[in-house]
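Enquirer:
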Ligand SMILES: Nc1ncnc2c1ncn2[C@@H]1O[C@H](COP(=O)(O)OP(=O)(O)O)[C@@H](O)[C@H]1O
Ligand SMILES: [Mg+2]
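What follows is the structure in structure tokens.
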């Protein structure tokens, strides 16, 4: 195994590139947090690690591209997974806004397939999606996701995605409309999602 190189350090986890049995891989490791008491800290890190791996598998079953899992180490709270070769969707939309409509149609389809299988992502932003060289959207960072998602969870997913777009890509409102058209054309019972999203927006206005 080559020495892992850290490529991202977030509030929750550190991400390393490495190799696993000769394959390019990513290790996502949740390190202990000093501000949390020992046992609670471990419970949180290990349950998020388990949930993330479970959700990646369930999403793939639903026909949504996610990294293959190579190994899970619950003592270390780390997941070793396939390295997805491609570009973060956030970076692609910034560098090549001309391709935004096409990318957004693919995002809408991927999210609709996920939701049609009763799965919500929990943190849908363009930083948690990688576009591969063949244009496939791969979803990552699913630790906040749920299976058996209720309409509320699905509405929140859509609303968060909309907010992520408005803040990260303020000039791409037309592309976001294309995303929603694509999503609604595939999502089962699309009108109930639209109503739920409106309700969530209205709630936000008065609280
Ligand atoms: N399987 C993967 N293949 C390629 N890059 C990845 C993979 N997983 C994570 N990354 C990279 O690491 C970054 C952080 O990973 P992420 O799972 O989103 O962690 P965080 O919870 O810190 O946001 C991603 O934005 C992406 O650039
Ligand atoms: Mg992330």
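Numbering (UniProt numbering), first residue to last: 1 to 207.
Every residue gets a Cβ at the ideal spot worked out from N, C-alpha and C, and that includes glycine.
Remember, it's a predicted structure, so these values are computed and weren't measured experimentally.
1) What is the DSSP secondary structure of residue 7, counted as helix, strand or coil?
2) With DSSP as the reference, please indicate the residues paired to residue 139 in a beta bridge.
3) So which of 28, 96 and 34 has the shortest CA-CA distance to residue 78?
4) Does the Cβ of residue 75 have 16 or more other Cβ atoms within 10 Å, making it buried, or fewer, making it exposed?
5) Would you mind working out which of 93, 143 and 206 sits nearest residue 119, comparing C-alpha positions?
6) Please classify residue 157 as buried or exposed, where buried requires at least 16 neighbouring CB atoms within 10 angstroms.
7) Give me the Cα-Cα distance between residue 85 and residue 139, rounded to the nearest whole angstrom.
8) Go through its chain and collect everything with a Cβ distance to residue 154's Cβ below 8 angstroms, but skip five positions before and after it.
9) Pull every residue with its beta-carbon under 6 angstroms away from any heavy atom of ligand 2, and keep them in chain order.
Expert: Inspection of the coordinates gives the following:
1) Stepping through the chain shown from its first residue, residue 7 is reached at position 7. Three-state DSSP puts residue 7 in a strand.
2) Mapped onto the chain shown, residue 139 falls at position 139. DSSP lists 129 as partners of residue 139.
3) As a working mapping, residue 78 is identified with position 78 in the chain shown. The option with the nearest alpha carbon to residue 78 is 28.
4) Position 75 of the chain shown holds residue 75. Residue 75 is exposed by the Cβ-count criterion.
5) One-based indexing of the chain shown puts residue 119 at position 119. The candidate whose alpha carbon is nearest that of residue 119 is 143.
6) Taking the first residue of the chain shown as 1, we reach residue 157 at position 157. Its Cβ being crowded by 16 or more others within 10 Å, residue 157 is buried.
7) As a working mapping, residue 85 is identified with position 85 in the chain shown. As a working mapping, residue 139 is identified with position 139 in the chain shown. Each residue's Cα considered, the two are about 13 angstroms apart.
8) For the purposes of this step, residue 154 is taken as residue 154 along the chain shown, with counting starting at 1. Result list for residue 154: 115, 120, 193 and 196, in chain order.
9) 127, 128 and 141
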